[in-house]
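Student: Residue numbers (the working numbering): 893 to 1326.
After the structure tokens below, expect a handful of questions from me.
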Amino acid sequence: MNGRRLGDVWILDIDQMQWNSVLTQGPTPLPRSLHSMTVIKNRLFSFGGWVPVLGEDGAVPSHETEWKCANTISCLNLDSMSWELCPSYKEVEESEEAPCPRAGHCAAIVGTRMYVWSGRDAYKRVWNTQVCCNDLWYLETEIPPAPTRVQLVRAGTNSLELLWTTISSADCYLLQIQQYNTTPPAPKPKVEGTTIKAESGQSEPGVVAPATGQKEAIPQWYDIDVVKTTQYTVSGYQVPVETEDNKQHLGQTPKMQKVELQPGKAYKFRVCAINSCGSGPFSDVAAFKTCMPGFPGAPSAIRISKSSEGAHLSWEPPANSAGTITEYSVYLGLKPQPGSQPGTMAFARVYCGPGSSCVVSHTQLASAHVDTTSKPAIIFRIAAKNDKGYGPATQVRWLQDPKPADKAAAAVAKRPASSPAPGAPEDAKKAKVG
């Protein structure tokens, strides 16, 4: 302000140290002071501040006599220099869904969220009656990006335990399922040397090899659940019941029935992240199969620790052995080879024997792939065998200490790389402070 509140935009060229006045387009916000300005990618967000009270004609008076605090959000597109509306953001005096009007606050950007802290509320002529805010809020400005492909943790006869990466801007996740028809898989993959080789119709336990030359039997995706965590055990899903009542009431929520996962069946999975701006894109599709009856379950209670010789692994026998366990196999995720398909990982067997523990040497660990989809980790799979064959493998991540250079890269990698969707809504949330 300069005797009155200003509504102009200037840019300082720091190479030439020269000021340039900007002629903006679009619905110009009210002139204001003591507001905050923050930049997220190519958009500049203005929040709150003191604004003049409009006259009876709806115009800004030439001589300000009254002013008030605001809680409006204005957005300036830095590519087109146009002010854009935030249609989902409503100015309200008192609400639990948005910060109250304020000025003199501070704002900071974390990823694609704008955090607002403190400030003081509506103007009071008696200075000692002004009240400072003591709350913390954040504004979602984008839908979340897609999680990485769903991973298999453990396969059972009628269940599949799945895992996916955490999205920092997600409030929850939608997991979906689809049946997947493949050629009947053999109970155990063929092993040549130490590397798993998937033949036609064969794959490692729990993981489905892509079907070739076959059409999708069930093209429809079904919702499994909306969850806040990134790990979920799937035992079934809901499908609409084919009834005359459902057909007569189109547009209404149909009656649903639960379908249990069946032994030896293959299923596709995908997941998307959700926040207050909406649902993000789905992850790449992953396919897994349940195990057949009579085969042992997956080993449990896996423990991994460092030793002078390498990595020491131990585990407990499967809860359902379906007979006598004759041996175990431990597989190590390998670094991708040139020409390998993106998103796939080869595994090498590093142990085979009757014991429920082993040591993976430093030489073997040198060829391991370090997965960085979340925290850096080396991936192992452990499977048990009875007189009928190998059962499903348990997958476990052995967390690694990030290198100094990786720590700086991880801070950048946490920022979602997706561009804001055209017309994507913004929504404010109150952050929980423990």
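Every residue, glycine too, gets a C-beta built ideally from N, C-alpha and C.
Since the model is a prediction, treat every value here as computed from it, not as a measurement.
1) Suppose you measure from the CA of Ile1196 to the CA of Gln1233; what does that come to, to the nearest Å?
2) Taking DSSP as the reference, what is the three-state secondary structure of Thr1121?
3) Taking 8 Å as the limit between beta carbons, can you name the residues of its chain near Lys1227, skipping five residues before and five after?
4) If you run the structure through DSSP and keep just helix, strand and coil, what is Ala1224?
5) Leaving out five residues before and five after Tyr1220 in sequence, what residues of the same chain have Cβ atoms less than 6 Å from its Cβ?
6) Starting from Val1163, follow its DSSP beta bridges and name the residues at the other end.
7) On the DSSP bridge list, what partners appear for Trp1113?
8) Tell me the start and end of each unbroken beta strand (DSSP E) in the segment 1162–1205 that is at least 3 residues and wholly inside, in chain order.
9) How big is the Cα-Cα spacing for Asp1117 and Glu1152?
10) In chain order, which continuous runs of the beta strand (DSSP E) of length 3 or greater are located wholly inside the segment 908–996?
11) Using three-state DSSP, classify Ala1062 as helix, strand or coil.
12) Do Trp942 and Cys967 count as a contact pair if the criterion is CB distance below 8 Å?
13) Quick one: is Thr1104 buried, meaning 16 or more other Cβ sit within 10 Å of its Cβ, or exposed?
14) To the nearest angstrom, how far is it from the Cα of Pro1155 to the Cα of Glu989?
15) Counting beta carbon pairs with one atom in the segment 1199–1213 and one in the segment 1057–1071, are three or more of them shorter than 8 Å?
16) Excluding the 5 residues preceding and the 5 following His927 in the sequence, name in chain order all residues of the same chain whose CB lies nearer than 6 Å to its CB.
17) Give a yes or no on contact between the segment 1048–1067 and the segment 1116–1131, applying the rule of three or more CB pairs nearer than 8 Å.
18) Using only the alpha-carbon positions, how far apart do Gln910 and Glu976 sit?
19) How many whole angstroms separate the CB atoms of Ala1285 and Ile1274, which I take to be in contact at a CB cut-off of 8 Å?
20) Can you say whether His997 is buried or exposed, counting buried as having 16 or more other CB atoms within 10 angstroms of its CB?
21) Can you list, in chain order, the residues of its chain whose CB lies under 7 Å from that of Gln1292, leaving out five sequence neighbours each side?
22) Could you work out which residue in Tyr1282, Tyr1007, Pro921 is closest to Ala999 when comparing CA atoms only?
23) Which class does Leu1257 belong to by DSSP, given the choice of helix, strand or coil?
24) Tell me which residues share the same chain as Asn1026 and place their Cβ nearer than 8 Å to its Cβ, disregarding the 5 neighbours each side in the sequence.
25) For Lys1150, name the three-state secondary structure that DSSP assigns.
26) Could you give the distance in angstroms between the alpha-carbon of Gly947 and the alpha-carbon of Pro953?
27) So, at 7 Å on beta carbons, what are the nonlocal neighbours of Pro919 in its own chain, with the 5 sequence-adjacent residues on each side left out?
28) Grab me the residues of Trp1290's own chain with a C-beta within less than 8 Å of its C-beta, minus the 5 sequence neighbours each way, in chain order.
29) Quickly, what does DSSP pair Cys1244 with across the bridge? List them, please.
Tutor: For this structure:
1) Cα to Cα, the separation comes out at about 29 Å.
2) The answer is coil: DSSP assigns Thr1121 none of H, G, I, E or B.
3) Sequence-distant Cβ neighbours of Lys1227 in its own chain, meaning closer than 8 Å and more than five residues away, are Ser1259, Ala1260, His1261.
4) For the sequence presented, residue 1224 should be read as Leu rather than Ala. Of the three classes helix, strand and coil, the one that applies to Leu1224 here is strand, per DSSP.
5) These residues qualify, in order along the chain: Ala1276.
6) Val1163 pairs with Leu1067.
7) According to DSSP, Trp1113 bridges with nothing at all.
8) If you keep only unbroken beta strand (DSSP E) runs of at least 3 residues inside the segment 1162–1205, you get 1178–1181, 1192–1199.
9) Asp1117 and Glu1152 have their alpha carbons spaced roughly 14 Å apart.
10) With a minimum length of 3 residues, the continuous beta strand (DSSP E) runs that stay inside the segment 908–996 are 910–914, 928–932, 935–939, 942–944, 959–961, 965–969, 974–976.
11) Reduced to three states, the DSSP call for Ala1062 is coil.
12) The beta carbons of Cys967 and Trp942 sit no closer together than 8 Å.
13) Note that Thr1104 has pLDDT 49, beneath the 50 cutoff, so the model's placement of it is unreliable and no number is given.
14) Rounded to the nearest angstrom, the two C-alpha atoms are 47 Å apart.
15) Taking 8 Å as the limit for Cβ pairs, the verdict is that the segment 1199–1213 does not touch the segment 1057–1071.
16) Result list for His927: Ser938, Gly940, Gly941, in chain order.
17) Output reads yes: the segment 1116–1131 touches the segment 1048–1067.
18) About 27 Å.
19) With 8 Å as the limit, Ala1285 and Ile1274 qualify as a contact, their Cβ atoms being about 6 Å apart.
20) Counting Cβ neighbours within 10 Å, His997 comes out buried, since at least 16 surround it.
21) Scanning its chain for C-beta atoms nearer than 7 Å, with the 5 sequence neighbours on each side dropped, one finds around Gln1292 the residues Val1262, Pro1268, Ala1269, Ile1270, in chain order.
22) Looking at the Cα atoms, Tyr1007 is the closest of the given residues.
23) Note: Leu1257 maps to helix in three-state DSSP.
24) The answer, listed in chain order, is Ser1010.
25) DSSP places Lys1150 in the strand class (E or B) of the three-state scheme.
26) If you take the alpha carbons of Gly947 and Pro953, they lie about 6 Å apart.
27) If the five residues before and after Pro919 are omitted, its C-beta is found closer than 7 Å to the C-beta atoms of Trp975, Leu977, all from its own chain and listed in chain order.
28) Ile1196, Ala1203, Ala1269, Ile1270, Ile1271, Phe1272, listed in sequence order.
29) In DSSP, Cys1244 forms a bridge with Ser1221.
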